[in-house]
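The listed protein sequences derive, respectively, from chains A and B.
Residue 763 is where the first sequence ends in the numbering used here, and the numbering goes up by one at each step.
Residue 884 is where the second sequence ends in the numbering used here, and the numbering goes up by one at each step.
Below is one structure, written out as structure tokens, with a few remarks after it.
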Amino acid sequence: MTALDDLLDGVVSDVDVVLLFSPSTSAFEPFEAAELPVVVVGSENTVDAEQFVELPLEFSDITGRIRFGLEGAVDQGLVTGEDTAVCVTEAFGDGIDTVMRVRADQFSRTGVYDLFVNSRAEPAVVRDVFEVCIELGKKGQKGKQVGALFVVGDAGKVMNKSRPLSYNPFEKSHVHVGDPIVNVMLKEFSRLDGAFVISDSGKIVSAYRYLEPSAEGVDIPKGLGARHMAAGAITRDTNAVGIVLSESDGMVRAFKGGELVLELDPEEY
Amino acid sequence: MQFDWPQFVRQVFSRETAVTVSVAILIVGLVIAYFAWRWVDSLLRAADVDTAVEGTPFERTAQSFGTSTVSIISQLTALFVYIAAIVLALNIAQLLDAQLFWAQLTGYLPRLFIAALAIVLGLVAGDKMALVVSDRLRSIKLPEAEIIPELVKYSVFYIAALLALSQIGVATNALLILLAAYAFGLVFLSGLAFKDLLAASAAGIYLLLVEPYAIGDKVEIDDKRGIVQEVDMFVTHIETDGEEYVIPNQRVMKSGIVRIRE
Chain A
495 MTALDDLLDG VVSDVDVVLL FSPSTSAFEP FEAAELPVVV VGSENTVDAE
545 QFVELPLEFS DITGRIRFGL EGAVDQGLVT GEDTAVCVTE AFGDGIDTVM
595 RVRADQFSRT GVYDLFVNSR AEPAVVRDVF EVCIELGKKG QKGKQVGALF
645 VVGDAGKVMN KSRPLSYNPF EKSHVHVGDP IVNVMLKEFS RLDGAFVISD
695 SGKIVSAYRY LEPSAEGVDI PKGLGARHMA AGAITRDTNA VGIVLSESDG
745 MVRAFKGGEL VLELDPEEY
Chain B
623 MQFDWPQFVR QVFSRETAVT VSVAILIVGL VIAYFAWRWV DSLLRAADVD
673 TAVEGTPFER TAQSFGTSTV SIISQLTALF VYIAAIVLAL NIAQLLDAQL
723 FWAQLTGYLP RLFIAALAIV LGLVAGDKMA LVVSDRLRSI KLPEAEIIPE
773 LVKYSVFYIA ALLALSQIGV ATNALLILLA AYAFGLVFLS GLAFKDLLAA
823 SAAGIYLLLV EPYAIGDKVE IDDKRGIVQE VDMFVTHIET DGEEYVIPNQ
873 RVMKSGIVRI RE
């Protein structure tokens, strides 16, 4: 067993910080007493940790989860760029089973954490829209794969840079995303053309919007369609976040500042 | 008490029979009391009172004495029924000459019962209200906010005590005046404190229902020109390049709205 012990020692030697992903109280307590700084990452701070990064989505993809946790920790100043972190998490959903050694500057920053926390819209609103997209991507509308485009935040400017394609079904309705009934409504309306516009506080301002931003200097991967281009362009022109469900490949992509920030496969959630 | 039952019974029966009848009343009263106990108990349990009062200090105290709020109330009812039966029996048998005393006692008993009930209900309701209010205020992490549930709790205790005292006939006028002053102060002060919020929300309801301007419109309100970003119950957010005005809704109503069309 010495070879195995050595291997594990090598993984955990000279680390600056430990990232615990959704630990149980019994798993967290021994770390709390230790000298090594500990950052808890999870959807809820169940163990009352001092240093905590909130996960907005249940990332089942492990690299996505670690990337988000680490970027969040760097953003909050809990981890500096040169630190080496050990991430303790579960990969197959049966308690902690994975220990991973990562350097904080090992991968380029994508701004995933930034997308949720430092957007104009409230983090909960961005998360709710993501959840609608993921659900829609999983099941489709009436068994058929659909596409959708949500523009979240900075609604005033977005409305000024777009025009209606038809009557707005959400006029004078005062409904907010995250409400289960509204989510069903959004799914029903997903067959409409155009974009959904959602305000900072989560109010659905309009559906059926044709976005008219200037597409200059928008740098998104080639091969993505008009919907993605529109989302990328509107986020460059305004402070909004664009969340797109692709009709062709079923992926959920998020844009901010004209750039692709996050790509998720709904089937993994 | 229009009809004098004991008098009627004494007229109909002889003295010996009256004693027998009163013994019978004692036994029947015992049975009725038992059924009242069972009935109130099951009624309260069916109405989920036992789960509703769970966690309140009164219930916990009752638990530590090996009983519960539900059984205390149902036993109280049974006790009341049984005491009423005893008084009736004694009256019929005329074992005691102090007629006046018993007549007063029969009038007094229901009030005593209600007073006891008011105390129990007040204690439970006060604790429950405090729990509910503090649950609502949990998101506000202010040490000062913790005084509000306590205030609610003792207000309910006070009213319960007032009810109980007035039932047993203690002069409660002074306490009532205190309560009135307290209620008035509360209403007056909160009206003063929430004046602006009330005005804003009244205007906000109009703005949300009629929607004279919507998100994305260019407007000028109160000499502030910009694009509407958000309208809620209390405020309207208007944004220009680099500046965001948060305007209370009553100001919107007061100054009027200029919609700008180019």
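Ideal Cβ positions, reconstructed from N, Cα and C, are used throughout, including at glycine.
Item checked: B/P732, buried or exposed, once every other Cβ within 10 Å from all chains shown has been counted against 16 -> exposed
Margin query: With H, G and I counted as helix, E and B as strand and the rest as coil, what does DSSP make of A/H722?
Written below: Helix at A/H722.
Checklist line | Buried versus exposed call for B/N795 [16 or more other C-beta atoms within 10 Å across all chains shown] | finding: exposed
Notebook entry, point to check: What are the uninterrupted segments assigned as alpha helix (DSSP H) that are 4 or more residues long and contained completely in the region 652 to 728 of chain A, given in chain order?
Noted result: 674 to 683
Check: Is the CB of A/A649 under 8 angstroms away from at least one CB in chain B?
Finding: A/A649 belongs to the set of residues whose beta carbon lies under 8 angstroms from a beta carbon in chain B.
Checklist line | A/A497 to A/V619 span [Cα, whole Å] | finding: 49 angstroms
Notebook entry, point to check: In chain order, which alpha helix (DSSP H) runs of at least 4 residues are fully inside the region 665 to 711 of chain B?
Noted result: 671 to 674 and 679 to 686
Check: Taking buried to mean at least 16 other C-beta atoms within 10 Å of its own C-beta, is B/V880 buried or exposed?
Finding: exposed
Notebook entry, point to check: With burial defined as no fewer than 16 other Cβ atoms inside 10 Å of the residue's Cβ, what is the status of B/N871: buried or exposed?
Noted result: buried
Check: If A/M723 and A/I714 are in contact, beta carbons under 8 angstroms, what's the gap, nearest whole angstrom?
Finding: Confirmed, Cβ separation roughly 7 angstroms.
Next item on the list: Within 10 angstroms of the Cβ of A/V516, are there 16 or more other Cβ atoms? Answer buried if so, exposed if not.
Entry: Rather than Val, the amino acid found at residue 516 of chain A in this sequence is Ser. Buried: at least 16 other Cβ atoms inside 10 Å.
Notebook entry, point to check: Cβ of A/M653 less than 8 angstroms from any chain B Cβ?
Noted result: It does: the Cβ of A/M653 has a partner Cβ on chain B nearer than 8 angstroms.
Note to self: Which of the three DSSP states is assigned to A/A480 in this structure?
What the structure shows: Because chain A here runs from 495 to 763, residue 480 of chain A falls outside it and cannot be looked at.
Margin query: For A/Y702, tell me which candidate among A/E682, A/R595 and A/E526 has the shortest Cα-Cα distance.
Written below: A/E682
Check: Can you round the beta-carbon distance between B/V692 and B/A658 to whole angstroms, since I take them to be within the 8 angstroms contact cut?
Finding: The distance from the Cβ of B/V692 to that of B/A658 is about 14 angstroms, inconsistent with a contact at the 8 angstroms cut-off.
Item checked: Closest by C-alpha distance to A/L502, when choosing among A/N612, A/K638, A/V582 and A/P663 -> A/V582
Next item on the list: Could you tell me whether the Cβ of B/E884 comes closer than 8 angstroms to any Cβ of chain A?
Entry: no
Margin query: Strictly below 7 angstroms CB to CB, what residues from chain B border A/H668?
Written below: L830
Check: Does A/D694 come within less than 8 angstroms of chain B when only Cβ atoms are used?
Finding: yes
Notebook entry, point to check: Three or more C-beta pairs closer than 8 angstroms, one from the region 634 to 646 of chain A and one from the region 685 to 697 of chain A: is that the case here?
Noted result: Short answer: they touch.
Item checked: Proximal residues, the region 843 to 860 of chain B versus chain A, C-beta separation under 9 angstroms -> Legend: CB atoms of the region 843 to 860 of chain B lying less than 9 angstroms from CB atoms of chain A belong to residues G848, I849, V850, Q851, E852, V853, D854, H859 and I860.
Next item on the list: Please name the residue in A/G641, A/C627, A/Y704 and A/G650 whose C-alpha comes closest to that of A/V671.
Entry: A/C627
Next item on the list: Go through the region 506 to 587 of chain A residue by residue and report every complete run of the alpha helix (DSSP H) that reaches 4 residues or more, in order.
Entry: 519 to 527 and 556 to 569
Item checked: Endpoints, alpha helix (DSSP H) assigned at B/V778 -> I769 to I790
Notebook entry, point to check: Using 8 angstroms as the limit for Cβ to Cβ distance, is B/I741 near chain A?
Noted result: It does not: the Cβ of B/I741 has no partner Cβ on chain A nearer than 8 angstroms.
Item checked: Residues from the region 697 to 717 of chain A in contact with chain B, defined by Cβ distance under 9 angstroms -> K697, V699 and S700
Next item on the list: Flag this pair as yes or no: are the beta carbons of A/A649 and B/Q851 separated by less than 8 angstroms?
Entry: yes
Item checked: A/P707, buried or exposed, once every other Cβ within 10 Å from all chains shown has been counted against 16 -> buried
Notebook entry, point to check: What did DSSP end up calling B/T794 once you bin it into helix, strand or coil?
Noted result: coil
Notebook entry, point to check: Closest to A/A720 by CA distance: which of A/S742, A/T732, A/V678 and A/A734 is it?
Noted result: A/S742
Note to self: Just checking: is the beta-carbon of B/E833 within a distance shorter than 8 angstroms of some beta-carbon in chain A?
What the structure shows: yes
Notebook entry, point to check: Where does A/V640 fall in DSSP's three states?
Noted result: coil
Next item on the list: Count the C-beta pairs between the region 652 to 667 of chain A and the region 832 to 841 of chain B that are closer than 8 angstroms, then say yes if the count reaches three, no if not.
Entry: Touching, yes.
Next item on the list: Could you name the residues of chain A that B/I837 contacts, counting a contact when the two beta carbons are closer than 7 angstroms?
Entry: A649, G650, M653, S693 and V699
Next item on the list: Counting only the same chain and skipping the five closest in sequence on each side, list residues whose C-beta sits under 8 angstroms from that of B/D818.
Entry: P870 and Q872
Checklist line | Proximity of A/Q635 and A/S700 at Cβ, strictly below 8 angstroms | finding: no
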